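K.L.:
Numbering (the working numbering), first residue to last: 30 to 297.
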Amino acid sequence: MNAANPIGVFDSGVGGLSVLHEIRRALPGEDLLYVADSAHAPYGDKSRQFIEARSIAITEFLVSRNAKAIVVACNTATGAAVTTLRSKFSMPIIAMEPAVKPAVTNTKSGVIGVLATSRTLAGDNFVKLFARYGEHVQILGQACPGLVEQVEAGDLSGDKTRLLLERYVLPLLEQGADTIVLGCTHYPFLAPLIRQITGPTVAVIDSAAAVARQLRRRLEVGDLLADEDRVGAESFWTSGRLANAQPLVAQLWQAEVKVSALPSQSFE
Ligand code: DGL
Numbered sequence: 030m031n032a033a034n035p036i037g038v039f040d041s042g043v044g045g046l047s048v049l050h051e052i053r054r055a056l057p058g059e060d061l062l063y064v065a066d067s068a069h070a071p072y073g074d075k076s077r078q079f080i081e082a083r084s085i086a087i088t089e090f091l092v093s094r095n096a097k098a099i100v101v102a103c104n105t106a107t108g109a110a111v112t113t114l115r116s117k118f119s120m121p122i123i124a125m126e127p128a129v130k131p132a133v134t135n136t137k138s139g140v141i142g143v144l145a146t147s148r149t150l151a152g153d154n155f156v157k158l159f160a161r162y163g164e165h166v167q168i169l170g171q172a173c174p175g176l177v178e179q180v181e182a183g184d185l186s187g188d189k190t191r192l193l194l195e196r197y198v199l200p201l202l203e204q205g206a207d208t209i210v211l212g213c214t215h216y217p218f219l220a221p222l223i224r225q226i227t228g229p230t231v232a233v234i235d236s237a238a239a240v241a242r243q244l245r246r247r248l249e250v251g252d253l254l255a256d257e258d259r260v261g262a263e264s265f266w267t268s269g270r271l272a273n274a275q276p277l278v279a280q281l282w283q284a285e286v287k288v289s290a291l292p293s294q295s296f297e
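1. Could you pull the DSSP bridge partners for S329 from this structure?
2. Helix, strand or coil for D40, going by three-state DSSP, please let me know.
3. Could you tell me if R148 is buried or exposed, where buried requires 16 or more neighbouring beta carbons within 10 angstroms of its beta carbon?
4. May I ask whether a heavy atom of ligand 1 can be found less than 7 Å away from the beta carbon of Y63?
5. Which residues does DSSP list as the beta-bridge partners of L211?
6. Write down every uninterrupted run of the beta strand (DSSP E) in the segment 64-123 whose length is 3 residues or greater and which is fully enclosed by it, in chain order.
7. Which complete beta strand (DSSP E) runs does the segment 213-273 hold, if anything under 3 residues is left out?
8. Less than 6 Å between C-beta atoms, sequence neighbours within five positions excluded: which residues of the same chain meet that for A172?
9. Taking 8 Å as the threshold, find out whether the segment 234-248 comes into contact with the segment 261-281 through three or more Cβ pairs.
10. Check whether the Cβ atoms of V92 and L277 sit closer than 8 Å, and answer yes or no.
11. Check whether the Cβ atoms of P127 and F90 lie closer than 8 Å to each other.
12. I'd like the span of the alpha helix (DSSP H) that includes Q179, first residue to last.
13. What are the residues that DSSP puts in a beta bridge with L62?
14. Should D256 go down as buried or exposed, given a rule of 16 or more other Cβ atoms within 10 Å for buried?
15. Tell me whether V177, by its Cβ, gets closer than 7 Å to a heavy atom of ligand 1.
16. Could you tell me which of G269, H69, P71 and L46 sits nearest to Q283, measuring between CA atoms?
17. Give me the Cα-Cα distance between M120 and H165, rounded to the nearest whole angstrom.
18. Quick check: the Cα distance between T208 and D235, rounded to an integer number of angstroms?
19. Return the CA-CA distance between Q294 and L176, expressed in angstroms with no decimal places.
20. Could you give the DSSP three-state label for L194: helix, strand or coil?
21. For E285, which residues of its own chain have a beta-carbon under 8 Å away from its beta-carbon, when the five flanking residues on both sides are left out?
22. What's the gap between the Cα of A98 and the Cα of L201?
23. With distances taken Cα to Cα, identify the nearest neighbour of V101 among K117, A124 and R94.
24. Determine the DSSP secondary structure at L283, reduced to helix, strand or coil.
25. By Cβ distance below 6 Å, which residues in the same chain neighbour F39 in space, the five residues on each side in sequence not counted?
26. Pull up the distance between the alpha-carbon of E297 and that of D66, whole angstroms please.
Structure follows, in structure tokens:
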């Protein structure tokens, strides 16, 4: 494997761009490939087998573009597919874990809220986190149907998004949560609105920076870090409609970008 090769990153849609931002910050010299599977978002509605098949197909596409490492920038795909991906592919595969551990360290009230998809909250990984930390603090899991769709529509601050967030966040605050974990990679794009609802005394945290640090460590250990003096580039693909994806990715990446259609033959 060549250290000059790119890093592949994927999500059910554009949420993983929140992780890509942190990867870019931590690894400025790396070339980054990003796949948004927006034609199939949200993954939360789909079967485990479907998510696994999509994750394998997208990873194969990224491998065909010479990816030296894969970041599963999706909590739902992590739960459904990471074990299979690690058994099928030999390169480093870095995946998401909701930031429950730092939340447990942070909380003073002893109550933390976790916003995630229903599938993530019901998955083995979360059940394990719950078992590990739930003895010391109260962990309130809150499923958030509809939020992924709002981010996919680029609606980060409209009335409907605010109403949904109030419905999900206010009960957590009423139960004493002083720390809110964003357990879905789409949600960091809603953090400004979430902070308006929680007020300044509640911490809102996610695991994107920790995942970027973990990726950096894995590349270092494997002697796979690109030359840090160069400026890395990003390439974007979507399975969704380009007319939607182009402005949405530009909005969330905060730069002019070219989004390409994900070749469908890689999924046959
Ligand atoms: N960004 C994905 C996650 O982190 C969204 C899940 C979905 O598509 O249901 O879980």
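Every residue gets a Cβ at the ideal spot worked out from N, C-alpha and C, and that includes glycine. Since this is a predicted model, take the numbers as computed values, not measurements.
P.N.:
Let me spell this out:
1. Here the chain has residues from 30 to 297 only, and residue 329 is not among them.
2. DSSP places D40 within a strand segment (E or B) once states are collapsed to three.
3. R148 should be labelled buried.
4. Answer for Y63: no, Cβ out of range of ligand 1.
5. In the DSSP output, where bridge partners are listed per residue, L211 has L144.
6. You should have 98-101.
7. 232-234 and 263-267, all fully within the segment 213-273.
8. Answer for A172: S147 and L150, listed in chain order.
9. A contact is defined here as three or more CB-CB pairs under 8 Å, and the segment 234-248 fails this definition with respect to the segment 261-281.
10. Between V92 and L277, the C-beta spacing is not below 8 Å.
11. Result no, Cβ atoms of P127 and F90 do not sit closer than 8 Å.
12. Q179 -> alpha helix (DSSP H) spans L176 to E181.
13. DSSP output for L62 lists G37 and S264 as bridge partner(s).
14. Flag for D256 reads exposed.
15. In terms of side-chain proximity, the C-beta atom of V177 is found nearer than 7 Å to a non-hydrogen atom of ligand 1.
16. It is L46 whose Cα lies nearest to the Cα of Q283.
17. If you draw a straight line from the Cα of M120 to the Cα of H165, it comes to about 36 Å.
18. Whole-angstrom Cα-Cα distance: 11 Å.
19. Bear in mind that the predicted position of Q294 carries a pLDDT of just 47, short of 50, making it too unreliable to give a figure here.
20. Reduced to three states, the DSSP call for L194 is helix.
21. Here E285 has A279 as same chain residues with Cβ atoms under 8 Å from its own Cβ, once five neighbours each way along the sequence are excluded.
22. When rounded, the distance between both Cα atoms is 37 Å.
23. It is A124 whose Cα lies nearest to the Cα of V101.
24. The sequence as given places Gln at residue 283; Leu does not occur at that position. Coil.
25. Excluding five sequence positions before and after F39, the CB atoms of its chain that fall closer than 6 Å to its own CB belong to V64 and I87, given in chain order.
26. Below a pLDDT of 50, predicted positions are generally treated as unreliable, and E297, at 39, falls in that range; the measurement from the model is reported next regardless. Cα to Cα, E297 sits roughly 15 Å from D66.
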